[in-house]
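Just so we're aligned, residue 1 is where the sequence shown starts under full-length UniProt numbering, counting upward by one.
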Amino acid sequence: MPLPVEDVVEIERLVSRYNFAFDRRDAEGFAHCFTADGSFFLGDDEQTRGHDGLAAYVAATAVSGQLRHVTTSVLAEGDGTSATSQAYCTVFVSNPGGGYQVIAQGIYRDELTKNADGWRFCKRRFDQDPA
Numbered sequence: 001m002p003l004p005v006e007d008v009v010e011i012e013r014l015v016s017r018y019n020f021a022f023d024r025r026d027a028e029g030f031a032h033c034f035t036a037d038g039s040f041f042l043g044d045d046e047q048t049r050g051h052d053g054l055a056a057y058v059a060a061t062a063v064s065g066q067l068r069h070v071t072t073s074v075l076a077e078g079d080g081t082s083a084t085s086q087a088y089c090t091v092f093v094s095n096p097g098g099g100y101q102v103i104a105q106g107i108y109r110d111e112l113t114k115n116a117d118g119w120r121f122c123k124r125r126f127d128q129d130p131a
């Protein structure tokens, strides 16, 4: 059964909040996008888990320049209390001399749950496209 439109919109807004928090290196905002025991993966490698680990991960992101996560084609499916989603993402970073360059491109694959605070990522995985 398809998710109600309200849930799809809320999941899309969660993806946007994640992007803005990551790009601004807002550690608490980033961690709040996940469940208390949520995890983040790059491919098969778990990078971090749990609120404190997620907050520390984004705070320690070692990129000079402004990040821009551009996520498109969010496809969310589920039953109203749990869902999966996938989306294309291109990550840009600003160059010191001006302009932006692509530093990553791939697909996010998500497992989500709806709790009292709304939709949150249980597991978020980024699979980078082959070079």
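Beta carbons are placed, not taken as given, at the ideal position from N, Cα and C, and that holds for glycine.
Computed from a predicted structure; not experimentally measured.
Per DSSP, which residues does residue i bridge with? Please list them.
i	result
V91	H69, A104
L112	A83, F121
G78	A83
R49	S39
By the three-class DSSP mapping on this structure, what secondary structure does residue i have?
i	result
R25	coil
A36	strand
L3	coil
D129	coil
D44	coil
S16	helix
A55	helix
V9	helix
Measure from the alpha carbon of residue i to the alpha carbon of each residue in the options, then state which is nearest.
i	options	result
A116	A27, Y18, G80, A104	G80
E28	V102, A60, T72, G98	A60
K123	G106, G43, D129, T72	G43
Inset, instruction - Please determine if the stretch 88-101 and the stretch 59-74 are in contact, where contact requires at least 3 C-beta pairs separated by less than 8 Å. - result: yes
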